[in-house]
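Going line by line, the protein sequences match chains G and E. Note that this note's numbering gives residue 163 to position 87 of the first sequence, counting from 1, and the numbers run on in steps of one. Note that this note's numbering gives residue 162 to position 86 of the second sequence, counting from 1, and the numbers run on in steps of one. Cβ atoms here follow ideal geometry from the backbone N, Cα and C, with glycine treated the same way. First up is the structure itself, then whatever we jot down about it.
Protein chains: 2
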Amino acid sequence: MDLELARDWLRTAVEEARAGHAEGGIPIGAALYGSRGEVLGRGRNRRVQDGDPATHAETAAFRDAGRRPSYRGTTMVTTLSPCWYCSGLVRQFGISRVVVGEAGTFSGGHEWLAAHGVEVVLLDDPECGALMREFVAGNPELWNEDIGFAGG
Amino acid sequence: MDLELARDWLRTAVEEARAGHAEGGIPIGAALYGSRGEVLGRGRNRRVQDGDPATHAETAAFRDAGRRPSYRGTTMVTTLSPCWYCSGLVRQFGISRVVVGEAGTFSGGHEWLAAHGVEVVLLDDPECGALMREFVAGNPELWNEDIGFAGG
């Protein structure tokens, strides 16, 4: 896809990430776009806000889009490389494309998705990277909890 | 693990599936067990009941268990082979074991999980199979929607 369009769509996900940051939550946002460039759903990680470990940014956007018979032609836009949980969501429901804000602070399943036919657009967005680096540095335990790396 | 224990734990997931069936929902249930055999969370598919496409049985049980620093030693018990979305959940959070009621009506990512170090116990439970066969035969469009196979 056109990179300028990808960067434009990423702004919606970044708005969600910023809102999560302002709430004291994990600053990851996502949006599901339809084939005509319309926003079908948007959301952010809600582990802290709702005490809900099952709501990552991508699953929040997917839920917000409601029940749909097909995801053909849709694009999941996320500020951070999707973890296995969210990558599995994309693969299972046949979401056609993923736009990733950055994969420097965490690299999930975006290469696995590309290997299974999903179009992956990996950006290197400075704001996405800065939001995550600041968050991880200040909240390492919370971040490890969110990706199941806390050990124990 | 001991198969009798696995079959016993499966009863909790089957209760959830039956409750979903009684509500007119998709009859798939799950439970997350702790390392001492305690139920940490349980739930069922809620696509129909809540209009929520993001709540599969496994993600419902995971949410019900609340925030946890680690899933080491836990077991996800589900009436049906977990789809990619739910398999990704298990892998990302390091859930140690999966007990699957049946994989005859649908085969998701349980072999992928086994290849990545998750202990998989595949049962061939007659009630799980009967619940799903009846549901799929009577509601093919709803079932395809739930696993993203509806095309279009």
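{"Query": "If I'm right that residue 184 of chain G touches residue 159 of chain G with Cβ under 8 Å, what's the distance once you round it to whole angstroms?", "Result": "4 Å"}
{"Query": "At which residues does the beta strand (DSSP E) containing residue 176 of chain G begin and terminate?", "Result": "173-176"}
{"Query": "Can you confirm whether residue 109 of chain G, when its beta carbon is compared against all beta carbons of chain E, has any partner nearer than 8 Å?", "Result": "no"}
{"Query": "How many angstroms separate the CA atom of residue 81 of chain G from the CA atom of residue 153 of chain G?", "Result": "11 Å"}
{"Query": "Any contact of the segment 123-143 of chain G with the segment 94-109 of chain E, i.e. 3+ C-beta pairs under 8 Å?", "Result": "no"}
{"Query": "Do you know offhand how far residue 102 of chain G's Cα is from residue 215 of chain G's?", "Result": "9 Å"}
{"Query": "Compute the distance between the beta-carbons of residue 151 of chain E and residue 175 of chain E, then report whether it is under 8 Å.", "Result": "yes"}
{"Query": "Give a yes or no on contact between the segment 106-120 of chain G and the segment 136-143 of chain G, applying the rule of three or more CB pairs nearer than 8 Å.", "Result": "yes"}
{"Query": "What does the alpha-carbon distance come out to for the pair residue 204 of chain E and residue 162 of chain E?", "Result": "18 Å"}
{"Query": "List the residues of chain E that residue 130 of chain G touches, going by C-beta distances under 7 Å, in chain order.", "Result": "135, 138, 139"}
{"Query": "Quick one: which chain E residues come within Cβ less than 7 Å of residue 167 of chain G?", "Result": "160"}
{"Query": "On the three-state DSSP scale, how would you describe residue 208 of chain E?", "Result": "helix"}
{"Query": "Contact check, residue 134 of chain E vs residue 143 of chain G under 8 Å by CB: the rounded distance?", "Result": "Wrong, their Cβ atoms sit about 19 Å apart, outside the cutoff."}
{"Query": "Is residue 161 of chain G helix, strand or coil when you go by DSSP?", "Result": "helix"}
{"Query": "In three-state terms, what does DSSP make of residue 112 of chain G?", "Result": "coil"}
{"Query": "Starting from residue 229 of chain G, follow its DSSP beta bridges and name the residues at the other end.", "Result": "The first residue shown for chain G is 77 and the last is 228, placing residue 229 of chain G beyond what the model contains."}
{"Query": "In whole angstroms, what separates the C-alpha of residue 35 of chain G from that of residue 77 of chain E?", "Result": "Nothing about residue 35 of chain G can be read from this structure; chain G reaches only from 77 to 228."}
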